[in-house]
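Single-structure report; data block below.
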Amino acid sequence: MIHRLKYKREIHFAKDLGKIACGAFSDERLAVALMEKWPLIPVPLHWLREQNRHFNQASEIARAMAKERDLPLIPALKRTRSTQTQTQLTRVQRLANLKGAFQLTTAGKRHLLSKPGGAILVDDVFTTGSTVDACARVLKKAGYPRVVVITVMRG
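If you count by the working numbering, then the sequence shown holds residues 830 to 984, one letter each, in order.
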C-alpha cells in the first residue's frame, strides 16, 4: 500500500494507512500525547520532490490520523535542500545525507508559543531512523520538550 501510495500516486491509500498508524495510540505511553492534543508533524519532502510526486505521503497519512484522532496537524518542518533518495544508502550515508536538511517553519515557531507538551512526528516508513532522527533533533532544539515518532511500517 505504501509503495502504491508513493510511487503510483494512489492517494486513496493514505486514509487506510493513517488508520493503521493510529494503532500506535493503543500504547499507553502515548496517552499523554492524545490527552494534551500534541500536534502531528509530517516529515517534509523537498519542494522539488513534492512537485514531482504531487503530494507528500507523510502529510497525507498525518491528515488521515488527525481526522481519526482529532489532533492538530502542523507543517512545522521544511526540507532546506534536496537530498538523495535514501533507499540504497547505508545508515552512515543516510545520516550524512540528511545533515542540516531540515528546519522549523513559521508555523512550527508559532505553535511553540502555545508551550506544547510535545509533538508527534509522522513518516511512512522507518528503516534506519535517520530521517526521523534528523527531524526530531530540529524539533527538540527549537523547543518541543518531547518528540515521539509514529510510522506505518518498519522497512
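All C-beta atoms, glycine included, are put in the ideal place defined by N, C-alpha and C. Keep in mind the model is a prediction, meaning the values are calculated, not measured.
Query: Ile890 vs Ala853 beta-carbon contact at 7 angstroms; Result: no
Query: Beta-carbon proximity check, Val921 vs Ile949, cutoff 7 angstroms; Result: no
Query: Touch test, the stretch 830-837 against the stretch 861-870, Cβ-Cβ under 8 angstroms, three pairs minimum; Result: no
Query: Option nearest Ala905 by Cα separation, candidates Ser959, Ala965 and Met830; Result: Ala965
Query: Buried versus exposed call for Ser959 [16 or more other C-beta atoms within 10 Å across all chains shown]; Result: buried
Query: For Thr980, the residue or residues it bridges with in DSSP; Result: Asp952
Query: DSSP three-state assignment for Phe931, whether helix, strand or coil; Result: strand
Query: Distance, Phe884 Cα to Val967 Cα; Result: 23 angstroms
Query: Member of Ile903, Arg882 and Asp899 whose CA lies at the smallest distance from the CA of Lys848; Result: Asp899
Query: Whether Gly947 touches Trp867 by CB criterion (7 angstroms); Result: yes
Query: Expected contact under 8 angstroms - CB spacing of Lys907 and Pro873 to nearest Å; Result: 5 angstroms
Query: Sub-7 angstroms separation of Leu859 and Val951 beta-carbons; Result: no
Query: Three-state secondary structure assigned by DSSP to Arg908; Result: strand
Query: Residues bridged to Pro945 [DSSP beta-bridge criterion]; Result: In the DSSP output, where bridge partners are listed per residue, Pro945 has none listed.
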